[in-house]
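Asker: So the sequence lines, in the order shown, correspond to chains A and B. The first sequence: position 52 = 66 (our numbering), numbered continuously. The second sequence: position 521 = 545 (our numbering), numbered continuously. Yeah, the Cβ is synthetic: ideal placement off N, Cα and C, and Gly gets one too. Please find one structure pasted underneath; my questions will follow.
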Amino acid sequence: MFSYAMRRFITTIPVLLGISVLVFLTLRVSSGDPAAILGGDAVTTEQIEAIRQQLGLGEPVWKQYLLWLSHALRGDFGVSYYYKMPVTQLILSRVEPTMVLAVLTLAVSILIAIPLGTAAALRAGSIADSLSTAVAVVGFSVPVFVVGYALIGLFSIKLGLTPVQGYHRLSDGALATLASTILPSLALATVYIGLLTRITRASVLEVLNADYVRTAKAKGLMPLPITIKHVLRNAAAPIVTVVAMGFASLISGVVVTESVFNIPGLGRLMVDAVLARDYPSVQAIILIFTVFYVLINLLADISYGILDPRVAS
Amino acid sequence: MLRRLLLSAAVFSAVSIGSAAAATLKVVAHADPKILDPTWSTNYISRNHGYMIYDTLFAEDEKGVVRPQMAEGYTLSDDRLTYTITLRDGLKWHDGAAVTTADVVPSIKRWASVDRAGRALAAFMKDIKVVDEKTFQIVLNAPFGHVIEVLGKGDANVPFIMPARVAATPATEQIKEYIGSGPFKLALGEWKPGERIVYLKNEDYKPRSEPPSAFSGGKVAYVDRVEWVTMPDQFTAVNALVAGEVDIIEALQPDLFPVVESKKDIKLFQWNEAGLQSVLRFNHLQPPFNNVEARRAVMSAIQQDMFMTAQHGDPRFFRPCNDPLGCEVGEKGPYGDLLLKPDLPKAKALLKQSGYNGAPVAVLHQTDLISSNKMAPVLSNVLTNVGFKIDVQSMDSQTYFVRRNNRGPAGNGGWNIFFTVSLMSNVPNPMYNIFTDASCEKAFVGWMCDPELETMRRAYEVAGSPEQAKRIADQISKRIVDQAHFVPMGIYNVFGAYRNDRVSGWLKAPAAIFWNIKKSQ
Chain A
15 MFSYAMRRFI
25 TTIPVLLGIS
35 VLVFLTLRVS
45 SGDPAAILGG
55 DAVTTEQIEA
65 IRQQLGLGEP
75 VWKQYLLWLS
85 HALRGDFGVS
95 YYYKMPVTQL
105 ILSRVEPTMV
115 LAVLTLAVSI
125 LIAIPLGTAA
135 ALRAGSIADS
145 LSTAVAVVGF
155 SVPVFVVGYA
165 LIGLFSIKLG
175 LTPVQGYHRL
185 SDGALATLAS
195 TILPSLALAT
205 VYIGLLTRIT
215 RASVLEVLNA
225 DYVRTAKAKG
235 LMPLPITIKH
245 VLRNAAAPIV
255 TVVAMGFASL
265 ISGVVVTESV
275 FNIPGLGRLM
285 VDAVLARDYP
295 SVQAIILIFT
305 VFYVLINLLA
315 DISYGILDPR
325 VAS
Chain B
25 MLRRLLLSAA
35 VFSAVSIGSA
45 AAATLKVVAH
55 ADPKILDPTW
65 STNYISRNHG
75 YMIYDTLFAE
85 DEKGVVRPQM
95 AEGYTLSDDR
105 LTYTITLRDG
115 LKWHDGAAVT
125 TADVVPSIKR
135 WASVDRAGRA
145 LAAFMKDIKV
155 VDEKTFQIVL
165 NAPFGHVIEV
175 LGKGDANVPF
185 IMPARVAATP
195 ATEQIKEYIG
205 SGPFKLALGE
215 WKPGERIVYL
225 KNEDYKPRSE
235 PPSAFSGGKV
245 AYVDRVEWVT
255 MPDQFTAVNA
265 LVAGEVDIIE
275 ALQPDLFPVV
285 ESKKDIKLFQ
295 WNEAGLQSVL
305 RFNHLQPPFN
315 NVEARRAVMS
325 AIQQDMFMTA
335 QHGDPRFFRP
345 CNDPLGCEVG
355 EKGPYGDLLL
365 KPDLPKAKAL
375 LKQSGYNGAP
385 VAVLHQTDLI
395 SSNKMAPVLS
405 NVLTNVGFKI
415 DVQSMDSQTY
425 FVRRNNRGPA
435 GNGGWNIFFT
445 VSLMSNVPNP
455 MYNIFTDASC
465 EKAFVGWMCD
475 PELETMRRAY
485 EVAGSPEQAK
495 RIADQISKRI
505 VDQAHFVPMG
515 IYNVFGAYRN
525 DRVSGWLKAP
535 AAIFWNIKKS
545 Q
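Structure, rendered in structure tokens:
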């Protein structure tokens with residue numbers, strides 16, 4: 015398993031290099047000039063040129079790339095054009111809110127969607143099944159920001175139970191963190207509950223018709239042990255894939271939710287950096303997202319082996 | 025179960041309330057303060073940060089009159105060439121050291137090397153020298169009637185005074201130390217970019233004895249702490265204000281005014297009473313607007329109301345004005361129906377005279393700044409009726425800021441028209457008003473080129489009296505209209521919103537300022 019994991023990891027190096035070249039070039043050919051944005055509304059052309067030189071943007075692109083790569087390989091992603099602080103430090107300050115949001119969202123999604131999807135499969139064709147389908151469709155059809163504003167309106171404005179916005183770090187206390195992330199997590203979870211419910215239902219339905227389940231029933235086993243030990247375990251692979259990919263996309267794609275709830279996470283940092291043409295930050299964030307996707311894929315693959323020994327062998 | 029839920033709810037509420045201490049003023053700032061050097065950047069948020077931690081020698085009051093601030097006063101020699109300025113007692117840097125003229129001189133030099141009005145001063149400045157710790161002199165090579173005025177300039181770049189070691193930073197580089205002598209200190213360790221910036225009350229600050237008035241007078245910090253929170257979504261900001269999580273929204277977008285006006289504990293506040301002027305800029309380097317008749321055609325076709333209604337909605341929040349150097353409240357300018365009522369036949373005739381060849385006119389349309397993001401589509405309709413072929417090019421504001429620096433033809437990444445805004449406090453003064461700069465290649469984007477106008481602007485700089493300066497300003501205004509150099513599109517007001525059940529004392533000024541504000545316990 016270790017050599018398999020290492021082999022998979024080594025194959026990601028060309029992917030990362032390719033992504034870094036692509037991002038570097040895309041930023042340079044896209045419209046927008048960080049020097050002009052930095053200078054402000056009344057900046058003169060001469061001032062823009064002076065800023066460009068300071069930022070090292072006057073050098074040929076290939077030279078800029080090699081310089082950036084040589085630093086990045088040593089873990090130095092440069093300094094943000096705007097905040098004048100190391101990009102690594104900037105990114106680290108944004109990791110916690112996004113990670114907490116992602117973990118909580120997935121926890122809520124799994125706790126609701128897997129029982130719901132399993133129940134729907136066990137009672138396929140019933141009113142309960144139709145209802146769960148309806149819930150799932152609504153979940154991934156209604157935009158997250160609509161759900162977010164509705165939750166704020168009810169829980170924060172009307173009932174005064176949770177804060178409207180902002181993020182409390184874990185160092186402020188777990189309860190404070192929970193208070194500031196419960197609504198955004200619920201808003202985000204609506205999408206994943208919908209998706210996971212449908213996937214769980216489909217996977218469980220497929221396994222329910224398998225010979226070994228019939229055999230287990232014939233042996234007189236109780237329904238709950240059959241569901242947990244035989245059905246869910248064998249239906250787990252597609253569910254794990256969706257959960258893993260969901261986690262990866264949550265890390266990189268929660269911009270709207272972070273904006274609606276004013277959570278200073280990685281998604282917002284990414285958007286701010288792109289809008290401001292903060293090249294060092296954009297390059298580092300995309301590279302980190304790529305590494306994250308690759309690692310999550312790897313972990314999902316490894317988990318297949320644990321869930322199904324046939325895959326490992 | 026119900027009891028447990030209520031208990032949890034109480035804890036959640038306590039968490040959210042506990043984060044807002046009574047002496048902390050929480051403000052949703054209009055932007056994330058990314059650059060903390062207000063001399064290096066002209067961004068308004070950098071300027072506002074400057075007002076928190078720095079002070080100025082002179083400062084504008086609510087009526088725009090410049091008054092001593094860090095200065096005790098000044099004298100002018102009989103030949104009007106030497107200004108002797110004295111600092112008032114008790115000025116201290118945030119690290120406890122005394123503010124001396126050895127700090128003031130390099131601060132002025134650094135600022136004057138980048139700011140347009142500062143450069144005008146520098147052109148007349150033969151020497152600036154320290155006399156003693158509290159006195160310094162500015163020696164001119166010719167009389168320049170605006171020395172005190174520019175040292176009290178309220179808008180970016182503001183001549184903030186910094187410690188000598190900080191002011192020694194070349195103006196082309198950003199400063200790295202943020203120590204001022206203003207009413208608040210920057211809590212650098214608490215600065216979380218993209219999230220919040222924190223200022224603490226400067227206990228050592230010695231306010232002037234006069235009552236506060238805009239940037240002048242006694243700057244008394246009544247709260248212990250001011251937090252500027254960055255909130256990208258304005259609806260979230262309004263929700264946070266309603267829920268009491270923040271105290272002030274610095275600038276609110278007009279479509280949310282009705283939401284705020286319906287809440288009894290929240291008030292709209294017009295902190296910038298003079299407002300902002302919207303302007304249509306032409307590219308003078310490229311056809312068709314390198315031709316005065318084509319520019320006049322556009323001017324004849326425009327009705328300001330139509331554009332301002334599209335952009336700002338409610339007529340309570342804007343007013344027409346056809347004077348490029350602005351109008352007093354209640355006036356519409358000296359040019360009759362120009363820009364107030366369109367004259368389409370005249371516009372069509374002028375366009376014909378211009379020899380316009382039907383080439384597409386590129387109108388830059390920035391889509392995300394609420395100051396002017398709805399004007400380009402209206403213009404497209406108006407100018408199409410005149411006979412122009414309009415190509416509205418939509419883009420985000422950052423791309424727009426870059427595109428408008430392109431001097432090339434429209435078909436080669438350039439442009440012909442864009443909209444922008446300026447603080448009204450700058451507009452009447454041709455020295456501050458960058459739109460009036462007609463120095464060709466060196467002028468503000470649009471690159472107006474008019475030696476006659478430049479001669480008038482130089483005459484304004486050396487005007488011997490306010491009356492003479494006013495007469496020259498009127499001539500400049502007439503020249504701009506006659507040559508249709510740019511088109512004033514009207515004046516609109518900026519409103520903030522605050523919790524009037526616990527916040528009081530927000531001052532009117534051209535920028536949002538946070539001294540004098542009290543927050544009830």
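For the alpha helix (DSSP H) that contains B:Phe331, what are its first and last residues?
Answerer: Taking the second sequence and counting its residues from 1, one reaches residue 331 of chain B at position 307. Taken as a continuous stretch (DSSP letters only), the alpha helix (DSSP H) holding B:Phe331 covers 328-336.
Asker: Comparing the C-beta of B:Ala535 with each C-beta of chain A, is any distance below 8 Å?
Answerer: The count along the second sequence starts at 1 and reaches residue 535 of chain B at position 511. It does not: the Cβ of B:Ala535 has no partner Cβ on chain A nearer than 8 Å.
Asker: Could you tell me whether any non-hydrogen atom of the ligand FAD is closer than 7 Å to the CB of A:Glu73?
Answerer: What this structure holds is no ligand at all, so the ligand FAD is not there to describe.
Asker: Is it buried or exposed, B:Glu274, if we count other Cβ atoms within 10 angstroms and call 16 or more buried?
Answerer: Taking the first residue of the second sequence as 1, we reach residue 274 of chain B at position 250. Residue burial annotation: B:Glu274 is buried, with at least 16 other C-beta atoms found within 10 angstroms of its C-beta.
Asker: Applying a beta-carbon distance threshold of less than 7 Å, which residues of chain A neighbour B:Gln198?
Answerer: The residue you call residue 198 of chain B lines up with position 174 of the second sequence. Per Cβ cutoff of 7 Å: Lys98.
Asker: Taking buried to mean at least 16 other C-beta atoms within 10 Å of its own C-beta, is B:Arg27 buried or exposed?
Answerer: Numbered from 1 along the second sequence, position 3 holds the residue referred to as residue 27 of chain B. For B:Arg27, the pLDDT reaches just 41, beneath the cut-off of 50, and the residue's location in the model is therefore unreliable, although a value from the coordinates is still provided. Exposed, since its Cβ has fewer than 16 Cβ neighbours within 10 Å.
Asker: Find the residues of chain B that neighbour A:Pro278, judging by a C-beta separation of less than 9 Å, and give them in chain order.
Answerer: In the first sequence, residue 278 of chain A corresponds to position 264, counting from 1. Counting only Cβ-Cβ distances below 9 Å, A:Pro278 has contacts in chain B at Lys216, Pro217, Gly218, Glu219, Arg220, Thr254, in chain order.
Asker: So who's on the other strand from B:Val250, going by DSSP bridges?
Answerer: Start at 1 with the first residue of the second sequence, and residue 250 of chain B comes out as number 226. For B:Val250, which the question treats as bridged, DSSP gives the partners B:Leu49, B:Tyr223.
Asker: Near B:Thr110, what residues of its chain come up, given a Cβ to Cβ distance below 8 Å and the 5 sequence neighbours on each side ignored?
Answerer: As a first step, residue 110 of chain B is located in the second sequence; it is residue number 86 there, counting from the start. Closer than 8 Å at Cβ, skipping near neighbours: Ala95, Glu96, Gly97, Tyr98, Lys158, Thr159.
Asker: Find the residues of chain A that neighbour B:Lys58, judging by a C-beta separation of less than 8 Å, and give them in chain order.
Answerer: Taking the second sequence and counting its residues from 1, one reaches residue 58 of chain B at position 34. Near B:Lys58 (Cβ distances below 8 Å), the residues of chain A are Tyr96, Tyr97, Ala290.
Asker: Please state whether the Cβ-Cβ distance between B:Ala267 and A:Ser170 is less than 8 Å.
Answerer: The residue labelled residue 267 of chain B in the question sits at position 243 within the second sequence. The residue labelled residue 170 of chain A in the question sits at position 156 within the first sequence. For B:Ala267 and A:Ser170, yes; Cβs fall inside 8 Å.
Asker: Please state the DSSP three-state secondary structure of A:Ile213.
Answerer: Mapped onto the first sequence, residue 213 of chain A falls at position 199. In the structure shown, A:Ile213 sits in a helix (DSSP, three-state: H, G or I).
Asker: What residues in its chain sit with their C-beta under 7 Å from that of B:Phe313, if we drop five residues either side in the sequence?
Answerer: Within the second sequence, residue 313 of chain B is the residue found at index 289, counting from 1. Phe306, Asn307, Arg319, Asn440, listed in sequence order.
Asker: What residue range does the beta strand (DSSP E) around B:Gln198 cover?
Answerer: Stepping through the second sequence from its first residue, residue 198 of chain B is reached at position 174. Secondary structure note for B:Gln198: it is in no beta strand (DSSP E), with a DSSP letter that is neither H nor E.
Asker: Tell me whether B:Gln93 is buried or exposed, calling it buried when 16 or more other Cβ atoms sit within 10 Å of its Cβ.
Answerer: By one-based count along the second sequence, residue 93 of chain B stands at place 69. It counts as buried.
Asker: Starting from B:Ala386 and walking both ways along the alpha helix (DSSP H), at which residues does that stretch end?
Answerer: Here residue 386 of chain B corresponds to residue number 362 of the second sequence, with the count starting at 1. It is not in any alpha helix (DSSP H) - B:Ala386 instead sits in the beta strand (DSSP E) that spans 385-390.
Asker: Tell me which residues share the same chain as B:Ala238 and place their Cβ nearer than 6 Å to its Cβ, disregarding the 5 neighbours each side in the sequence.
Answerer: As a working note, residue 238 of chain B is residue 214 in the second sequence. Taken in chain order, the residues that qualify are Glu84, Asp85, Glu86, Ala533.
Asker: Do A:Pro278 and B:Lys50 count as a contact pair if the criterion is CB distance below 8 Å?
Answerer: Here residue 50 of chain B refers to the residue found at position 26 of the second sequence. Here residue 278 of chain A refers to the residue found at position 264 of the first sequence. Contact: no.
Asker: At which residues does the alpha helix (DSSP H) containing A:Ser317 begin and terminate?
Answerer: The count along the first sequence starts at 1 and reaches residue 317 of chain A at position 303. Residues 293-321.
Asker: Can you grab the Cα-Cα spacing for the pair B:Thr108 / B:Gln161, in whole Å?
Answerer: Here the question's residue 108 of chain B lines up with position 84 in the second sequence. Here the question's residue 161 of chain B lines up with position 137 in the second sequence. Distance between the alpha carbons of B:Thr108 and B:Gln161 is about 4 Å.
Asker: Could you check whether the segment 208-227 of chain A touches the segment 124-132 of chain A, counting it as contact only if at least three pairs of C-beta atoms, one from each stretch, sit closer than 8 Å?
Answerer: yes
Asker: Give me the Cα-Cα distance between B:Ala45 and A:Thr112, rounded to the nearest whole angstrom.
Answerer: Walking along the second sequence from the start, residue 45 of chain B turns up at place 21. Walking along the first sequence from the start, residue 112 of chain A turns up at place 98. Legend: pLDDT at B:Ala45 = 46, less than 50; position of this residue unreliable, value from coordinates given subsequently. One C-alpha to the other measures close to 26 Å.
Asker: May I ask you to report which of helix, strand or coil DSSP gives B:Glu96?
Answerer: Taking the first residue of the second sequence as 1, we reach residue 96 of chain B at position 72. Residue state, collapsed to three classes: strand.
Asker: Just to confirm my understanding: we take B:Pro252, look at its own chain, exclude 5 residues before and 5 after, and list those with CB closer than 7 Å. What are they?
Answerer: Stepping through the second sequence from its first residue, residue 252 of chain B is reached at position 228. Checking the sequence, you will find Trp at residue 252 of chain B rather than Pro. Hits under 7 Å: Val51, Ala53, Pro57, Arg220, Ile221.
Asker: Contact check, A:Ile65 vs A:Ala49 under 8 Å by CB: the rounded distance?
Answerer: Counting from 1 along the first sequence, the entry for residue 65 of chain A is found at position 51. Counting from 1 along the first sequence, the entry for residue 49 of chain A is found at position 35. Yes, A:Ile65 and A:Ala49 are in contact; Cβ-Cβ is about 4 Å, under 8 Å.
Asker: For B:Met323 versus B:Ala508, is the C-beta distance shorter than 8 Å?
Answerer: Position 299 of the second sequence, counted from the start, is the residue given in the question as residue 323 of chain B. Position 484 of the second sequence, counted from the start, is the residue given in the question as residue 508 of chain B. Contact: yes.
Asker: Quick one: what does DSSP say B:Ile515 is sitting in, helix, strand or coil?
Answerer: As a position in the second sequence, residue 515 of chain B is number 491, starting the count at 1. If DSSP states are grouped into helix, strand and coil, B:Ile515 belongs with the strands.
Asker: With a CB to CB cut of under 6 Å and the five nearest residues on each side skipped, what residues in its chain are close to B:Phe342?
Answerer: Position 318 of the second sequence, counted from the start, is the residue given in the question as residue 342 of chain B. Cβ within range, chain order: Met332, His336, Gly514, Tyr516.
Asker: Take A:Gln78 and list the residues in its own chain whose beta-carbon comes closer than 7 Å to its own, dropping the five residues that flank it on each side.
Answerer: Along the first sequence, read from residue 1 onward, the residue named residue 78 of chain A stands at position 64. These residues qualify, in order along the chain: Gly70.
Asker: Between A:Val257 and chain D, is the shortest Cβ-Cβ distance under 8 Å, so that the two count as touching?
Answerer: Judged by its chain identifiers, the structure shown contains no chain D, and its protein chains are A and B.
Asker: Here's the rule: buried if 16 or more other CB atoms are within 10 angstroms of the residue's CB, otherwise exposed. What is B:Ser449?
Answerer: Taking the second sequence and counting its residues from 1, one reaches residue 449 of chain B at position 425. By the C-beta density criterion, B:Ser449 is buried, having at least 16 other C-beta atoms within 10 angstroms.
Asker: Give the straight-line distance between the Cα atoms of B:Phe510 and A:Gln61, rounded to the nearest whole angstrom.
Answerer: Locating residue 510 of chain B in the second sequence gives position 486, where the first residue counts as 1. Locating residue 61 of chain A in the first sequence gives position 47, where the first residue counts as 1. Approximately 24 Å, taken between the alpha carbons.
Asker: Which residue or residues does DSSP assign as beta-bridge partners of B:Arg343?
Answerer: Here residue 343 of chain B refers to the residue found at position 319 when the second sequence is read from its first residue. According to DSSP, which records beta bridges pairwise, B:Arg343 is partnered with B:Ile515.
Asker: With B:Glu478 as the anchor, note down where its alpha helix (DSSP H) starts and where it stops.
Answerer: For the purposes of this step, residue 478 of chain B is taken as residue 454 along the second sequence, with counting starting at 1. Looking at the DSSP string, the run of the alpha helix (DSSP H) that includes B:Glu478 is 475-485.
Asker: Does B:Phe36 have its Cβ less than 8 Å from a Cβ in chain A?
Answerer: Translated into the one-based positions of the second sequence, residue 36 of chain B becomes position 12. For B:Phe36, the predicted structure reports a pLDDT of 45, less than 50, and the residue's modelled location is therefore unreliable. A value from the coordinates is still provided. Yes - at least one Cβ of chain A is within 8 Å of the one on B:Phe36.
Asker: Applying a beta-carbon distance threshold of less than 8 Å, which residues of chain B neighbour A:Ile51?
Answerer: Stepping through the first sequence from its first residue, residue 51 of chain A is reached at position 37. Under the 8 Å cutoff, chain B gives Gln422, Phe425, Val426.
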